[in-house]
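When the sequence shown is numbered by this note's numbering, its final residue is 178 and no position is left out of the sequence of numbers.
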Amino acid sequence: MNPRTWSFRTRYLAAFLVCVALMGFALYAQYGMHLDPCPLCIFQRIAVCVMGLFFLIGGLHAPRKTGTRAIYGVLITLGGLWGIATAGRHLWLQSLPADHVPACGPGLGYLFDAFPFMKMLKLAFTGSGECAKIEPILGIPMPGWTLLWFVVLVVWALVAIRRSVR
């Protein structure tokens, strides 16, 4: 089964399953491996969910017109760019020397409750000490893996737009 011959629907539904698998692993890491997610991890999860939702809707809709397909591609790309920015910031925080790492801050739940949305985003992206912890999987930190998957999924979504209609 050659993925280059798959229809738009099959490509988008396959990408949706990849997003489900990524979220499944995130939940396994949280509850099975006891790795508590930092605020940036949670924002990356939200980006995966947004992309997965638009992959699912696009796959079920399976529009025939390239313009309509492009709308799904743009929405997925926006979610992917949010994820890429978040994962990039997370990797940057992890690369800081120990004496430059920001102090640990409150959890995301508290930030949501205590601050207006934009202030909460600013505080979350400033990062905290918990965001600088590195838990490598196969030698690559988790934000590195998510960055890779965000890029792959965005490219996959954009390539599927150009797939000819049968």
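For each residue, glycine too, the CB sits at the ideal point set by N, CA and C.
Please report the distance separating the alpha-carbon of residue i from that of residue j.
i	j	result
residue 85	residue 75	12 Å
residue 68	residue 111	44 Å
residue 66	residue 163	16 Å
residue 50	residue 105	12 Å
residue 25	residue 133	31 Å
residue 54	residue 130	16 Å
residue 137	residue 73	35 Å
residue 87	residue 19	19 Å
residue 44	residue 77	43 Å
residue 13	residue 39	30 Å
residue 83	residue 62	14 Å
residue 122	residue 47	19 Å
residue 158	residue 108	19 Å
residue 153	residue 93	19 Å
residue 149	residue 32	19 Å
Anyone know if the C-beta pair for residue i and residue j falls short of 8 Å?
i	j	result
residue 160	residue 98	no
residue 81	residue 146	no
residue 64	residue 37	no
residue 71	residue 21	yes
residue 95	residue 56	yes
residue 59	residue 100	no
residue 135	residue 124	no
Below 8 Å on the Cβ atoms is my guess for residue i versus residue j; work out the distance and round it to an integer in Å.
i	j	result
residue 30	residue 120	The pair is not a contact, with the Cβ atoms about 25 Å apart (cut-off 8 Å).
residue 103	residue 151	Between residue 151 and residue 103 the Cβ distance is about 14 Å, and since that is not below 8 Å, they are no contact.
residue 34	residue 89	Not really, about 17 Å apart at Cβ, beyond 8 Å.
residue 23	residue 168	7 Å
Which runs of the alpha helix (DSSP H) at least 4 residues long sit entirely within the segment 67 to 125? Give them in chain order. Within the segment 67 to 125, the complete alpha helix (DSSP H) runs of at least 4 residues are 78 to 107.
For the segment 128 to 158, which segments carrying the alpha helix (DSSP H) assignment without a break, of at least 4 residues, lie completely within its bounds, in sequence order? Segments of the alpha helix (DSSP H) lying fully in the segment 128 to 158: 129 to 138.
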